[in-house]
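Asker: Provided herewith is a single structure, encoded as structure tokens, for subsequent inquiry.
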Amino acid sequence: MKYRRYIKKFFISLATLFALSLVSFLLFLIAPGDPATLVAWERMGGEFPSPEIVEAVKEELGLDVPPHILYLKWLWMYLNGDWGRSFVTGQPVLELIADRFPMTALLAITAFLIAFPISLLTGFLAGIKKGSIADTMILVGLSLIDSLPSFFLGIVLMIVFAVKLHILPAAGYSSFENLILPAITLAAGYVAVTSRVTRASVVETLSKDYILTAKSKGLGKWLIIRRHVLRNSLIPVITYAGLELAWLLEGSVIVETLFAWPGMGSLLTGAILSKDLPVIQACMIVIGGLFITINAITDVLYTIINPEVRYQ
Amino acid sequence: MKAISKKFVIGASMLLSLTLAFALAPLISPYKYDEQNLQERLLPPDSRHIFGTDHFGRDVFTRILYGGKVSFLIASLVTLLALTIGLLVGVVSGYCGRIVDEVLMRFTDIFLSLPSLVVSLAIIAAIGPSIQNLALALSITGWPKYARMIRASIIEVKNKDFILLTSLMGADSFYLIFKHIVPNTIQPAIVLASFDFGRKVISIASIGFLGAGVQPPTPEWGTMIREGFSYVFTSPHLVLIPGMMATITLIASNLLGEGLQDMLMRKPAIRI
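Protein chains in written order, with the numbering used here: chain A, 5 to 316; chain B, 107 to 378.
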């Protein structure tokens with residue numbers, strides 16, 4: 005039953021996606037104020053709509069059925085790519101998301117490309133030189149970074165590089181320079197976690213018996229590190245790298261809002277302030293769905309590269 | 107228990123002095139948090155207003171104190187609620203085992219694998235921004251970590267000899283759970299809660315910054331940053347000071363957690 009684990013993981017992820025869709029759908033039901041009234045109110049330019057108009061809108065939006073039917077209808081529409089229209093602008097939600105998503109992906113991937121090599125480098129250095137001054141400095145630095153909330157780090161970077169030094173733009177998306185500050189802000193939290201995981205993993209690998217064997221065979225230090233430590237300590241690191249990648253998506257909500265980066269995070273913030281439920285739903289489903297998928301892929305990857313888990 | 111950890115002392119005294127300052131705000135500050143003075147708008151820090159004034163001429167120091175009180179109250183409430191729900195789910199799951207455990211843990215896993223900030227934001231968007239709703243949303247997304255951890259330590263304790271002996275002596279489940287199992291599993295949960303408190307203060311500030319948290323005119327650090335953000339070029343103190351306070355709280359809470367971890371736990375390395 006080699007594939008049992010994968011099949012189980014697949015169904016758990018499917019169940020989680022289902023739960024996500026249910027939670028997103030429930031938003032509509034628990035929201036005070038009838039969405040139909042809200043839509044009618046928007047359309048009439050702020051005038052209070054008569055009950056007939058509300059009924060008409062209800063029928064037009066297909067809201068006049070019991071909740072469980074509504075859920076199934078809604079799910080079916082979603083699966084068919086009909087994600088509804090924004091309450092505010094009337095634009096199809098799928099279009100809005102398709103518009104914004106690449107920007108979030110660009111930001112998250114850039115942050116990852118900055119953060120991952122740095123995390124590996126500092127983590128390995130600290131782990132190999134455990135107890136040294138370099139190790140202590142790296143550890144202290146990492147806990148400092150970890151204690152900086154992303155909005156604060158972002159504001160400090162903005163004030164230093166945009167307001168005082170004038171070398172980078174504070175907000176917007178017109179050029180490559182606009183990407184730098186938000187990507188660094190997003191990368192910081194990632195580095196803080198991943199390099200500590202790397203360090204811990206290196207330290208643990210170094211304490212294993214096979215390292216002692218390699219040493220007693222008379223292998224040189226760097227050869228041991230290259231041949232035994234590097235590969236073996238990468239296993240937990242990859243798991244964390246994946247999990248943290250999912251967190252980058254969540255972190256982008258704050259970073260994008262701060263730097264006015266037109267991705268899904270700032271779309272979500274805007275939608276929350278204007279109570280634009282279809283957009284909130286879509287953002288939640290896309291961010292949550294990616295989050296769940298990345299988690300599942302990471303888990304499978306971990307099983308593939310780690311024989312200990314595979315043969316359990 | 108090992109000797110008192112230095113980190114614990116530093117973290118605890120930082121949090122205590124902050125709490126004391128927030129509680130005694132009316133005695134410390136001569137101003138009211140909503141006292142406007144349009145002649146003295148956007149003043150930089152000086153001797154009369156040590157943290158300067160905001161765009162309504164309100165004293166930032168006073169608002170920091172009252173805002174801290176709001177943040178700390180919500181964060182304590184949320185941490186306590188999340189701990190309680192997690193304790194209930196974890197105890198039931200770990201003690202009953204079998205199908206109950208399977209169902210509860212699947213449920214917990216589903217909650218754990220949803221992005222908590224986004225879900226909290228969505229809940230608040232649906233039910234409206236207010237202090238109660240903020241606390242509710244953060245508690246709903248906060249409990250699964252506790253449930254997982256408490257379940258794990260319950261299973262560990264459950265199979266110890268002294269539990270078997272006590273049950274052989276005729277103790278009922280209720281007595282066993284609350285007299286013997288819970289006290290032996292609560293320590294890791296308390297460590298997690300000390301880390302979590304700071305994180306909750308940050309979540310509250312983040313949600314406030316996004317505009318979905320505590321609503322003006324009630325002061326809260328994130329909301330203050332949001333309001334001051336339009337003046338970031340001319341009056342950076344409006345965003346830097348609340349941000350600094352949130353950072354200090356997180357550092358204190360991390361120190362408290364690490365210190366407690368050193369003192370209470372045999373096994374290192376819990377991460378949230």
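For every residue, glycine included, the Cβ atom is placed at its ideal position computed from N, Cα and C.
Note that the structure is a prediction, hence the values are computed from the model and not measured.
(1) How would you list, in chain order, the residues of chain B whose beta-carbon sits under 8 angstroms from the beta-carbon of lysine 279 of chain A?
(2) How many angstroms separate the CA atom of leucine 238 of chain A from the CA atom of serine 205 of chain A?
(3) Please name the residue in B/Thr340, B/Ser273, B/Arg332 whose C-alpha comes closest to that of isoleucine 163 of chain A.
(4) Closer than 7 angstroms by beta-carbon distance: list the chain B residues that pair up with isoleucine 301 of chain A, in chain order.
(5) Does the distance from the C-beta atom of alanine 118 of chain B to that of threonine 168 of chain B stay below 9 angstroms?
(6) Using a Cβ cut-off of 8 angstroms, which residues of the stretch 349-364 of chain B contact any Cβ in chain A, in chain order?
(7) Please identify, using Cβ separations under 8 angstroms, the residues of the stretch 265-277 of chain A that lie next to chain B, in order along the chain.
(8) Below 8 angstroms on the Cβ atoms is my contact criterion, and I expect alanine 253 of chain B with alanine 318 of chain B to pass it. Report the Cβ-Cβ distance as a whole number of Å.
(9) Report yes if the CB atom of serine 177 of chain B is closer than 9 angstroms to the CB atom of glutamate 326 of chain B, and no otherwise.
(10) Say whether chain B places a C-beta atom closer than 9 angstroms to the C-beta of valine 195 of chain A.
(11) Please check the pair asparagine 360 of chain B and serine 151 of chain A, which I expect to be a contact at CB under 8 angstroms, by giving their CB distance rounded to whole angstroms.
(12) Where serine 153 of chain B and serine 245 of chain B are concerned, what is the direct C-alpha to C-alpha distance, given to the nearest angstrom?
(13) I'd like to know if valine 224 of chain B contacts chain A, where contact means its C-beta is closer than 9 angstroms to some C-beta of that chain.
(14) Using the beta-carbon count (16 or more within 10 Å), is valine 69 of chain A buried or exposed?
(15) Closest Cβ-Cβ distance between glycine 328 of chain B and chain A: below 9 angstroms?
(16) Asparagine 299 of chain A and serine 222 of chain B - do their beta-carbons sit closer together than 9 angstroms?
(17) Have a look at the DSSP bridge pairing and note the partners of threonine 185 of chain B.
(18) May I ask you to verify whether the stretch 152-159 of chain A touches the stretch 190-198 of chain A, counting CB pairs closer than 8 angstroms and requiring at least 3?
(19) Report the three-state DSSP secondary structure of phenylalanine 147 of chain B (helix, strand or coil).
(20) Could you give the C-beta distance for phenylalanine 128 of chain B and glycine 174 of chain B, rounded to a whole number, given that I count them as a contact under 8 angstroms?
(21) For a contact meaning CB atoms closer than 9 angstroms, what does serine 245 of chain B contact in chain A?
(22) For threonine 261 of chain A and tyrosine 281 of chain B, what's the separation of their Cα atoms in angstroms?
(23) Mind checking if aspartate 160 of chain B is an interface residue toward chain A, Cβ cutoff 9 angstroms exclusive?
(24) Which residue comes first and which comes last in the alpha helix (DSSP H) that contains histidine 72 of chain A?
(25) Determine the contact status of leucine 193 of chain B and isoleucine 269 of chain B, defining contact as a CB-CB distance below 9 angstroms.
(26) Given alanine 249 of chain A, which residues of its chain have a CB within under 7 angstroms of its CB, disregarding the five upstream and five downstream residues?
(27) Output the distance between the C-alpha atoms of isoleucine 116 of chain B and aspartate 368 of chain B, rounded to the nearest integer angstrom.
(28) Checking contacts by CB at 9 angstroms: is alanine 250 of chain A closer than that to chain B?
(29) Helix, strand or coil: which one does DSSP assign to threonine 395 of chain B?
(30) CA-CA distance, valine 283 of chain A and valine 207 of chain A?
(31) Between arginine 349 of chain B and threonine 307 of chain A, what straight-line distance do the alpha-carbon atoms span, to the nearest angstrom?
(32) Within 10 angstroms of the Cβ of proline 342 of chain B, are there 16 or more other Cβ atoms? Answer buried if so, exposed if not.
Answerer: The relevant details are as follows:
(1) Ala231
(2) 8 angstroms
(3) B/Thr340
(4) By Cβ distance, chain B contributes nothing, its closest Cβ being about 13 angstroms from isoleucine 301 of chain A, past 7 angstroms.
(5) no
(6) Gly349, Met350, Ala352, Thr353, Leu356, Ile357, Asn360
(7) Leu272, Thr273, Ala275, Ile276, Leu277
(8) Contact doesn't hold; Cβ gap of about 26 angstroms is too wide.
(9) yes
(10) no
(11) 6 angstroms
(12) 41 angstroms
(13) yes
(14) exposed
(15) yes
(16) no
(17) DSSP output for threonine 185 of chain B lists no bridge partner at all.
(18) yes
(19) The displayed chain sequence assigns arginine, not phenylalanine, to residue 147 of chain B. If DSSP states are grouped into helix, strand and coil, arginine 147 of chain B belongs with coil.
(20) 4 angstroms
(21) None at all; the shortest Cβ gap to chain A is about 15 angstroms.
(22) 51 angstroms
(23) no
(24) 71-83
(25) no
(26) In the sequence on display, residue 249 of chain A carries leucine and not alanine. Cβ within range, chain order: Phe116, Ile298.
(27) 14 angstroms
(28) yes
(29) Nothing about residue 395 of chain B can be reported from this structure: the residues present for chain B run from 107 to 378 only.
(30) 46 angstroms
(31) Note that residue 349 of chain B is glycine in the sequence shown, not arginine. Whole-angstrom Cα-Cα distance: 41 angstroms.
(32) buried
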